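Notes for the one structure printed next.
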Ligand SMILES: NC(=O)c1ccc[n+]([C@@H]2O[C@H](COP(=O)([O-])OP(=O)(O)OC[C@H]3O[C@@H](n4cnc5c(N)ncnc54)[C@H](OP(=O)(O)O)[C@@H]3O)[C@@H](O)[C@H]2O)c1
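Right, dumping it as structure tokens:
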């Protein structure tokens, strides 16, 4: 896969899967715009790690509607055109229905959907406008195994990712005539801060038993699937959801 002369924009690129994806694109020749929300130190470190030149940080909170328009405008101003949009940033909040109060419950749903679904939808909107003008592009949305198997401790998370899958497939149909291809990568647990924060040691043990690999995904393995969907040869795979879950959850 070669991304020389391609301009790639990745949300949540300062850490975890987004960071590994930024490095992978840069290794293949792309110029990468890295979005993040607040952690300047992590973002600067990631920027320094990228091989090649022309990479830039774009610090904005994508859960704010107006920031999504500004982000794509800033990116196009900096790079001329947007070839690949990766909607990777996501959050997960515990809200077990039998133990949280109603305020916690409603806040968890609102915050989760603002970042995991509405921000991605809004960036797809502005990203698609830019790609239609320049003749096409690729959009890759990062979902989760939780969309398929349920998330009893974080139902809003599972629901937001199921909705993200559905939105991506609708957009794959609508945008193909504009040469815009939309794919989804659905990781299982991946060795990032999100996984470290949300797992107790006991849960971690149980989780490792779920996959015959007896380990979590590495961020680089998720990045590999994202690059595939963003590559020229993957156009006809538009609408696909690629599982990266170590055969821990196999759907038919
Ligand atoms: N890790 C897993 O086990 C796993 C499994 C399945 C799916 N996923 C999905 O994979 C994606 C990446 O997960 P990860 O584990 O790599 O996450 P992570 O390590 O927690 O990193 C999250 C990234 O998103 C950014 N971010 C969060 N909210 C943002 C906002 N409102 N605006 C802009 N940036 C924002 C963070 O920036 P700051 O640090 O500056 O806030 C950071 O760069 C998510 O969509 C997640 O749902 C992860």
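Residue numbers (my numbering): 5 to 256.
Here a beta-carbon is modelled for each residue, glycine too, at the ideal position from N, C-alpha and C.
Owing to the predicted nature of the structure, the values given are computational and were not obtained by experimental measurement.
Rounded C-alpha distance that separates residue i from residue j
| i | j | result |
| --- | --- | --- |
| residue 162 | residue 155 | 5 Å |
| residue 76 | residue 200 | 31 Å |
| residue 147 | residue 191 | 7 Å |
| residue 226 | residue 94 | 14 Å |
| residue 132 | residue 247 | 25 Å |
| residue 258 | residue 245 | Residue numbering for the chain in the displayed model covers 5 to 256; residue 258 lies beyond these limits and cannot be assessed. |
| residue 67 | residue 205 | 31 Å |
| residue 186 | residue 165 | 15 Å |
| residue 236 | residue 37 | 19 Å |
| residue 47 | residue 60 | 10 Å |
| residue 58 | residue 80 | 13 Å |
| residue 109 | residue 115 | 10 Å |
| residue 170 | residue 153 | 15 Å |
| residue 177 | residue 7 | 24 Å |
| residue 34 | residue 9 | 6 Å |
| residue 135 | residue 229 | 22 Å |
| residue 119 | residue 218 | 31 Å |
| residue 209 | residue 142 | 37 Å |
9 Å Cβ cutoff met for residue i and residue j
| i | j | result |
| --- | --- | --- |
| residue 157 | residue 100 | yes |
| residue 91 | residue 12 | no |
| residue 232 | residue 238 | yes |
| residue 96 | residue 196 | no |
| residue 73 | residue 130 | yes |
| residue 88 | residue 234 | yes |
| residue 193 | residue 149 | yes |
| residue 173 | residue 188 | yes |
| residue 168 | residue 121 | yes |
Nonlocal neighbours in the same chain, by C-beta distance under 6 Å from residue i, ignoring five residues either side
| i | result |
| --- | --- |
| residue 41 | 65 |
| residue 214 | 252 |
| residue 2 | Any answer about residue 2 is impossible in this case: the structure gives the chain only from 5 up to 256. |
| residue 15 | 39, 66, 91, 92 and 93 |
| residue 140 | 183 and 184 |
| residue 50 | 18 and 23 |
| residue 117 | 164 |
| residue 216 | 251 |
Those residues which DSSP pairs with residue i across a bridge
| i | result |
| --- | --- |
| residue 221 | 194 |
| residue 11 | 35 |
| residue 141 | 184 |
| residue 92 | Looking at the DSSP assignment, residue 92 forms no beta bridge with any residue, so it has no partner. |
| residue 248 | 191 |
| residue 61 | 38 |
| residue 338 | Because the chain spans 5 through 256 in this model, residue 338 falls outside it and cannot be assessed. |
Cut-off 7 Å between Cβ atoms - residues of its own chain near residue i, not counting five sequence neighbours on either side
| i | result |
| --- | --- |
| residue 69 | 126 |
| residue 179 | 132 and 186 |
| residue 53 | 27 |
| residue 78 | 62 |
Spatial neighbours of residue i in its chain, beta-carbon cut-off 8 Å, leaving aside the 5 residues before and after
| i | result |
| --- | --- |
| residue 55 | 27, 30 and 31 |
| residue 123 | 15, 66, 67, 72, 91 and 93 |
| residue 20 | 194, 196, 197, 198 and 223 |
| residue 82 | 37 and 60 |
What are the uninterrupted segments assigned as beta strand (DSSP E) that are 3 or more residues long and contained completely in the segment 170-215, given in chain order? 184-191
Could you give the uninterrupted runs of the alpha helix (DSSP H) lying entirely in the segment 106-131, keeping only those of 4 residues or more? 106-117
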